[in-house]
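Trainee: Here the sequence shown is numbered in the working numbering, starting from 123 and rising by one per residue. Yeah, the Cβ is synthetic: ideal placement off N, Cα and C, and Gly gets one too. Predicted model, so just to flag it, every value in this text is computed and none were measured.
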Amino acid sequence: MTKVDKFAALPMEITRAAWFEAAHYLHKCDTGQGYAQLHGHSFKMEITLRGVPTGTNGWVEDLARIGAALERIRAELDHGCLNDIEGLETPSLERICAWIAAKLAPEFSSLAVVRVSRPSLNEDCCLRL
123 MTKVDKFAAL PMEITRAAWF EAAHYLHKCD TGQGYAQLHG HSFKMEITLR GVPTGTNGWV
183 EDLARIGAAL ERIRAELDHG CLNDIEGLET PSLERICAWI AAKLAPEFSS LAVVRVSRPS
243 LNEDCCLRL
């Protein structure tokens with residue numbers, strides 16, 4: 123076994139990201155916070171899969187397959203009102219993470235992390251599975 127083979131047989135994490143633009147509002151907020159009014163953000167979603175690389179290519183998972191799954195989610199969320207999507211009636215960062223995880227977990231058993239951020243506000247939420 124070479125030095126590379128020794129490390130290539132260890133669990134690894136791969137991450138893929140996508141962006142979407144969406145509006146939302148939150149129903150229950152303190153007076154003056156502004157969250158209760160319809161407003162929009164640029165969101166970044168990232169998913170991380172964890173596993174031991176296998177197969178001919180030595181992959182944890184095909185990054186193109188991950189990208190296609192993220193594109194389906196992006197298309198569902200992009201340029202819409204998140205409150206109008208089933209399961210996102212109260213679309214906090216935490217709820218968006220959970221919603222994405224619920225969509226992807228059946229397709230990717232090695233799903234390890236879902237992260238949703240609003241980079242312009244330096245805010246993010248990380249769900250570790």
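1) Straight-line CA distance for E193 to P213?
2) Considering just the uninterrupted stretch of the alpha helix (DSSP H) at E245, what are its terminal residues?
3) Considering only residues of the same chain and omitting the five flanking positions on each side of E245, which have a CB-CB separation below 7 angstroms?
4) Return helix, strand or coil for F165, following the three-state DSSP convention.
5) In terms of alpha-carbon separation, which member of R237, A139, C248 and T124 lies closest to A186?
6) Starting from V126, trace the alpha helix (DSSP H) in both directions and tell me its first and last residue.
Mentor: Taking the coordinates as given:
1) So the alpha carbons of these two residues sit roughly 19 angstroms apart.
2) No alpha helix (DSSP H) holds E245; the beta strand (DSSP E) holding it covers E245 to R250.
3) Excluding residues within five positions, the ones whose Cβ falls inside 7 angstroms are L215 and S239.
4) Correct three-state label for F165: strand.
5) Selected option, being the one with the closest Cα: A139.
6) First-last of the alpha helix (DSSP H) with V126: K125 to A130.
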